[in-house]
Amino acid sequence: LANPLNSLVLHYDTNTGSTCEAAGLIYRSDRLSILGESLKREKLVILVSPTNYLQRKKFYGEEFIVKPLLFSWKSLSAEDIKILMRIDASDNQLYVANFLTLLRDKYQRHAKVPDYTQFFNEVKALCTLNSQAAALEQRLNLLSSLIKESECNHDIANEGF
């Protein structure tokens with residue numbers, strides 16, 4: 001190819017001591033020099049989990065641009081939120097039904113996007129069963145870990161992609 005293609009590689013690895021294989025795209029192999037230049041180092045951005053951002057940034061050092069993968073709350077659809085919270089059609093907990101009703105009736109129907117903190121608090125208020133509170137909290141924490149506007153990402157929000 002005369003011009004390299006853009007690509008997005010998401011890397012998930014439980015071994016924190018390994019680099020993303022895509023980082024190898026910036027190193028030119030002498031055997032492949034006929035194909036042209038390798039990707040410029042300044043053009044490679046490694047997106048990492050916000051939870052591990054500081055550790056991964058330190059691990060990769062100054063050679064790479066490392067950014068936390070954060071989603072803007074206002075850019076997410078109801079379907080995106082369900083995916084991030086790992087909610088699917090087979091989930092039958094009451095808090096899931098209440099959550100989906102809130103999304104559908106209060107927000108989607110009126111084409112509104114609530115403030116993230118407001119939405120988070122409304123969902124928590126809907127869960128009145130102590131037996132389901134821990135499961136809801138776990139899913140909300142998962143969602144919060146990926147949302148730029150959440151309190152837990154306050155210190156890295158401006159570094160996100």
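Residue 1 is where the sequence shown starts when you use UniProt numbering, and the numbers rise one by one after that. The beta carbon of each residue, even a glycine, is placed where N, CA and C say it ideally should be.
Express the C-alpha separation of residue j and residue i in angstroms, rounding to a whole number.
i, j, result
"Ala-97", "Asp-105", "12 Å"
"Leu-102", "Tyr-116", "13 Å"
"Ala-157", "Arg-139", "20 Å"
"Tyr-67", "Gln-118", "In the sequence as displayed, the identity of residue 67 is Lys instead of Tyr. So the two alpha carbons sit approximately 27 Å from each other."
"Ser-90", "Gly-61", "43 Å"
"Ser-144", "Glu-151", "8 Å"
"Val-113", "Gln-132", "26 Å"
"Tyr-95", "Glu-63", "45 Å"
"Glu-159", "Glu-79", "26 Å"
"Asp-155", "Gln-55", "14 Å"
"Glu-137", "Ile-65", "33 Å"
For residue i, name the three-state secondary structure that DSSP assigns.
i, result
"residue 174", "Lying before the first or after the last residue shown, residue 174 is absent from the chain, which here runs from 1 to 161."
"Val-96", "helix"
"Ile-87", "coil"
"Val-123", "helix"
"Ile-46", "strand"
"Ile-156", "coil"
"Ala-135", "helix"
"Leu-142", "helix"
"Leu-102", "helix"
"residue 171", "The requested residue 171 does not occur in the structure, where the chain is confined to residues 1 to 161."
"Arg-109", "coil"
"Thr-128", "coil"
Please classify residue i as buried or exposed, where buried requires at least 16 neighbouring CB atoms within 10 angstroms.
i, result
"Ile-87", "buried"
"Val-45", "exposed"
"Asn-130", "exposed"
"Arg-109", "exposed"
"Lys-82", "buried"
"Leu-146", "buried"
"Asn-92", "exposed"
"Lys-58", "exposed"
What whole-angstrom Cβ distance do residue i and residue j have, given they're in contact under 8 Å?
i, j, result
"Lys-124", "Phe-71", "With 8 Å as the limit, Lys-124 and Phe-71 do not qualify as a contact, their Cβ atoms being about 20 Å apart."
"Val-48", "Leu-69", "7 Å"
"Met-85", "Leu-142", "6 Å"
"Asn-153", "Pro-50", "5 Å"
For residue i, write down the residues that DSSP places opposite it in a beta bridge.
i, result
"Ile-147", "Phe-71"
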